[in-house]
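In mature numbering (1 follows the signal peptide of the UniProt record, and there is no 0), the protein residues as written are -22 to -1, 1 to 412. Since the structure comes first, as structure tokens, the remarks are kept for the end.
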Amino acid sequence: MSRASSAIVLLFILGHAVCCSAFSRPSISSSTAARRHRGKDATKHLPNILLTNDNNPRDPSLSQSNPNDENSDCAGDAAIGGDLATALARLDEEWKLANSRDGGKRIGDWTVLDASDDIGGDGEIVYLLEPASGAAPSCIIFFLGGAVLGQFPHISYSAFCKKLASRMNASVVAVPYEVGLDHFGIAQRAVKRMKNAVIACEDSRGYPSGLPKYAIGHSLGAKLHSIGIAATGIGEELSGVGFVSYNNFGFAETITMARSFVKEMRVGAGAGIGMGSSSTPFDALFDLAGMAVSAVGLEFTPSPNDMDKILKNKFDEEVLKKIRMFCFDDDDLDSTKRFLHCFEGCGIRPSVSYLPGTHLTPVFLRLGLDDLPDDARDMANQVTGGFQNASFGNEDTLDALVNEVSDWMLGRGPHDSRPAPKQIAGIIDAEIER
């Protein structure tokens, strides 16, 4: 894989359409055989549920997806995740070969847990990270990562999850997903896997049903958690909801996201994973792709405007007071302000932590080529431009995020790293927004 191709692929991060199935209203914890089967009982008009307030009629102007056929794939179900997803997938396979234990059910510190509706059924999995001490966990964290990277959370977000699990003595259930236009469908499968993972942990690993449960999502993962909470009511069972760099971009805006992502990859990789220094060819390609997307009219379901309406209709004060938003000072891919605007005038708004970092602060990778098997070493050597050890990310800002998330879970207030407003002769400059 060329260095440039791993950057260009970001244009197509969210283009792989996902199968459209329907949602149940599952409880995160319930009773055994019937509990696993319940995920199959779909509420077939998920968008209708989400866009309808119990007290307000549904706005007929809202665009909706049609997840009515449980067995049919959406049109265009061809993977266009490109080289980045392919490289991560290949690395994932080699990583499994090098680190698998217990007949392939463990990868390093992660356990591959069957999250199918029926044991041995549809092959859906989650990655389970349990306390390294071997002690019983104090809580369960459901984690959803961002686009593409979230398909391989045990690699892309391993450092973040391990540090958080260690601080909180928590078990982390990281739910992988493939990117696509149908965010309803992706969220549906994520909730089903979370539910089934808890059942498996309670039935086969002795987890008590009363363990506190938290949902934490990064970027698109935060939006997916929002959809799941709005559709299923699981927010009532969660002790807290953490949205890191919440993102609710439209499809055309994703081009801007890809441009920023490439620039951040170029900076964050440092002496490790390089992609060249000139941005001019990328900028021209991004501009062309942006015009093409606008002309075709592609959009996610739900669209950004529909997502806002879902939040306004379905997030009550009980849910809002459980939410903590985590924002970074150098992140132009963050939609937190838009999220908060949905609840202006409400008695309660989510709390917000302002931290140093970028959109990819939760992602920290340290790749030692000597630790990989021979087959993977050659491929990784190409990706890293010949470096024997490569890293991506900033561990200091990652640690600051882990500390802030831990403090929130322990009931502490938000940190605000933003500079204080300028004062001129004792008068606050009103033009500077805090």
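Cβ coordinates follow ideal geometry from the N, Cα and C atoms, glycine included.
- Within its own chain, the residues whose Cβ lies closer than 6 angstroms to the Cβ of Y332, once the five positions on either side in sequence are excluded, are C305, D394, S395 and R396, listed in chain order.
- Two segments are said to touch when three or more pairs of C-beta atoms, one from each, lie closer than 8 angstroms; by this definition the segment 169 to 178 does not touch the segment 287 to 307.
- Collapsing the DSSP output to three states places T339 in coil.
- If you compare the alpha carbons of E296, E295 and S313 with that of M303, the shortest gap goes to S313.
- Counting other Cβ atoms within 10 Å of its Cβ, L379 reaches 16 or more and is therefore classed as buried.
- Residue burial annotation: I118 is buried, with at least 16 other C-beta atoms found within 10 angstroms of its C-beta.
- Remark: C-beta atoms of R167 and Y155 approach each other more closely than 8 angstroms.
- For the pair S223 and T232, the Cα-to-Cα distance works out to about 15 angstroms.
- Nearest to M387 by alpha-carbon distance, out of V219, D95, H196 and F130, is V219.
- Taking a 10 Å sphere around the C-beta of P186, we find fewer than 16 other C-beta atoms and assign the residue as exposed.
- When Cβ pairs closer than 8 angstroms are counted between the two stretches, the segment 105 to 114 is seen to touch the segment 81 to 90, the count reaching three or more.
- The alpha-carbon separation between E295 and V157 amounts to approximately 31 angstroms.
- V169 is the residue among F162, H161, I164 and V169 whose C-alpha sits nearest the C-alpha of V151.
- The DSSP-derived three-state label of P131 is helix.
- Taken in chain order, the complete beta strand (DSSP E) segments of 3 or more residues contained in the segment 100 to 161 are 103 to 107, 118 to 122 and 149 to 152.
- When the beta-carbon positions are compared, L202 and L122 come within less than 8 angstroms of each other.
- Here the alpha carbons of N381 and V153 stand approximately 22 angstroms from one another.
- The straight-line gap separating the alpha-carbon atoms of A178 and I6 is approximately 11 angstroms.
- A125 sits close to L198, with the two beta carbons spaced by under 8 angstroms.
- In the structure shown, L333 falls within a strand segment according to DSSP collapsed to helix, strand and coil.
- Shown here, S182 sits in a helix according to DSSP, grouped into three states.
- DSSP places F317 inside the alpha helix (DSSP H), whose first and last residues are T314 to H319.
- The beta carbon of N226 sits closer than 8 angstroms to those of K201, P282, M285, D286, S313, R316 and F317, all from its chain and outside the five residues before and after it, given in chain order.
- I133 counts as buried, since no fewer than 16 other beta carbons sit within 10 angstroms of its beta carbon.
- The residue from P340, D309, V297 and G184 with its alpha-carbon nearest to that of T210 is V297.
- Residue environment analysis places D92 among the buried positions, since at least 16 neighbouring C-beta atoms fall within 10 angstroms of its C-beta.
- For K173, DSSP records no beta bridge to any residue.
- Cβ-Cβ separation between L216 and K299: approximately 12 angstroms, too far for a contact (criterion under 8 angstroms).
- When only Cα atoms are considered, I212 and G206 end up about 8 angstroms apart.
- Sequence-distant partners of G325 (beyond 5 residues in either direction) whose C-beta falls short of 8 angstroms from its own C-beta, in its chain, are E295.
- For H393, no alpha helix (DSSP H) run applies, since DSSP gives it neither H nor E.
- D307 sits exposed, since fewer than 16 C-beta atoms from the chains shown fall within 10 Å of its C-beta.
- DSSP, reduced to helix, strand and coil, places K290 within a helical segment of the structure shown.
- The Cβ-Cβ distance between F342 and F278 does not fall below 8 angstroms.
- Distance between E322 and V330, taken at the CA atoms: about 14 angstroms.
- Taken through DSSP and simplified to helix, strand or coil, S204 comes out as helix.
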